[in-house]
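Worksheet for the structure shown next.
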Amino acid sequence: MRNEAKALRASLVADVQRGEFRELSRMPFAEYAHSWAATYAGRTGGGVRESTMREYRRQVEQRIVPYFGRRTVSSIDPRAIKAFVQSVADEGVSRDTVRLALAPLRAMLQDAVEEGLIRSNPAAGIRLPRPATVDDGTGEEQAKALTEAELRALLAHVAPARAL
Numbered sequence: 039m040r041n042e043a044k045a046l047r048a049s050l051v052a053d054v055q056r057g058e059f060r061e062l063s064r065m066p067f068a069e070y071a072h073s074w075a076a077t078y079a080g081r082t083g084g085g086v087r088e089s090t091m092r093e094y095r096r097q098v099e100q101r102i103v104p105y106f107g108r109r110t111v112s113s114i115d116p117r118a119i120k121a122f123v124q125s126v127a128d129e130g131v132s133r134d135t136v137r138l139a140l141a142p143l144r145a146m147l148q149d150a151v152e153e154g155l156i157r158s159n160p161a162a163g164i165r166l167p168r169p170a171t172v173d174d175g176t177g178e179e180q181a182k183a184l185t186e187a188e189l190r191a192l193l194a195h196v197a198p199a200r201a202l
């Protein structure tokens with residue numbers, strides 16, 4: 039514990055010396071998220087489509103704020119992001135749905151970095167969990183494409199076509 043405290047102190051001193059120190063924000067996450075959703079204009083010069091913004095706002099209201107709302111922006115770390123992603127995946131939704139839930143959170147936290155509220159984006163580099171089997175109610179697993187190796191193995195077991 040003492041070594042960790044010394045390392046943190048050294049890191050903070052170095053940040054101050056480089057002129058890069060920023061005090062961590064105490065802003066409530068829910069407050070920031072609602073403000074961000076109302077004003078977000080996209081991460082490129084082309085802006086963001088209205089349909090995308092509607093989906094981002096829906097994700098913020100239905101998933102992101104309920105999950106993180108009681109925390110401060112600066113208290114969210116990569117472990118919390120991973121837990122959020124896993125909680126969405128545990129709903130039994132598709133991998134794409136998980137990706138769509140993470141996208142606005144990742145953009146929001148990148149804006150928080152640019153605004154000086156946090157030092158780094160805890161959602162950067164977060165990988166999606168392996169897709170779970172989606173139950174479509176038929177009691178059967180959904181079909182998936184074969185990998186190249188699986189296809190070769192299948193073709194090796196299939197009788198060769200007759201020469202014409």
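Just so you know, our numbering puts the end of the sequence shown at 202, numbered straight through with nothing missing. All residues carry an ideal CB built from backbone N, CA and C; glycine is no exception. From a predicted model like this one, the values you see are computed outputs, not experimental measurements.
Neighbour-count burial assignment, residue i, 16 or more Cβ in a 10 Å radius
i, result
"Gln124", "exposed"
"Met146", "buried"
"Gln100", "exposed"
"Ala75", "buried"
"Ala79", "exposed"
"Glu189", "In the sequence on display, residue 189 carries Leu and not Glu. Under this definition Leu189 is an exposed residue."
Integer-rounded CB distance, given that residue j should sit under 8 Å from residue i
i, j, result
"Ala116", "Pro160", "Before going on, a small fix: residue 116 reads as Pro here, not Ala. Their Cβ separation, rounded to whole angstroms, is 5 Å, which keeps Pro116 and Pro160 in contact under 8 Å."
"Tyr70", "Ala150", "7 Å"
"Val98", "Pro142", "6 Å"
Cross-strand partners of residue i (DSSP beta bridge)
i, result
"Thr110", "Pro66"
Which of helix, strand or coil DSSP assigns to residue i
i, result
"Met39", "coil"
"Tyr78", "coil"
"Pro142", "helix"
"Ile102", "helix"
"Ser158", "coil"
"Ile164", "coil"
"Thr90", "helix"
Run of the alpha helix (DSSP H) containing residue i, from where it starts to where it stops
i, result
"Ala127", "Pro116 to Ala127"
"Leu193", "Glu186 to His195"
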